[in-house]
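Okay, so here's the structure we're looking at.
Numbering (my numbering), first residue to last: 1167 to 1256.
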């Protein structure tokens, strides 16, 4: 089990594809439950990695949405469209 967790952590470090990272996070969540009391320090590390990678994915997603909003704004576009786009961002 420890080898599997370490392999997943290494793969998370090497991959940049968001979909792959999400799948690896799902595996980490499942393994974190199995670690339970046997490896408390490794479980703590896994929890921190899950939080950090989740925050990275969320930041990347929000940044992509914000870039979409900023690039679709034009001088002749009314406030209504901007409000609708910002509503979809949130």
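Using N, Cα and C, we set each Cβ at its ideal position, and we do this for glycine too.
Whole-Å CB distance - residue i paired with residue j, under 8 Å assumed
| i | j | result |
| --- | --- | --- |
| residue 1190 | residue 1220 | Rounded, the Cβ-Cβ distance is 11 Å, inconsistent with contact. |
Element boundaries [alpha helix (DSSP H), containing residue i]
| i | result |
| --- | --- |
| residue 1197 | 1184–1201 |
Whether residue i touches residue j by CB criterion (8 Å)
| i | j | result |
| --- | --- | --- |
| residue 1260 | residue 1208 | Examination of residue 1260 is not possible in this model, given that the chain is present from 1167 through 1256 alone. |
| residue 1174 | residue 1197 | yes |
| residue 1215 | residue 1178 | yes |
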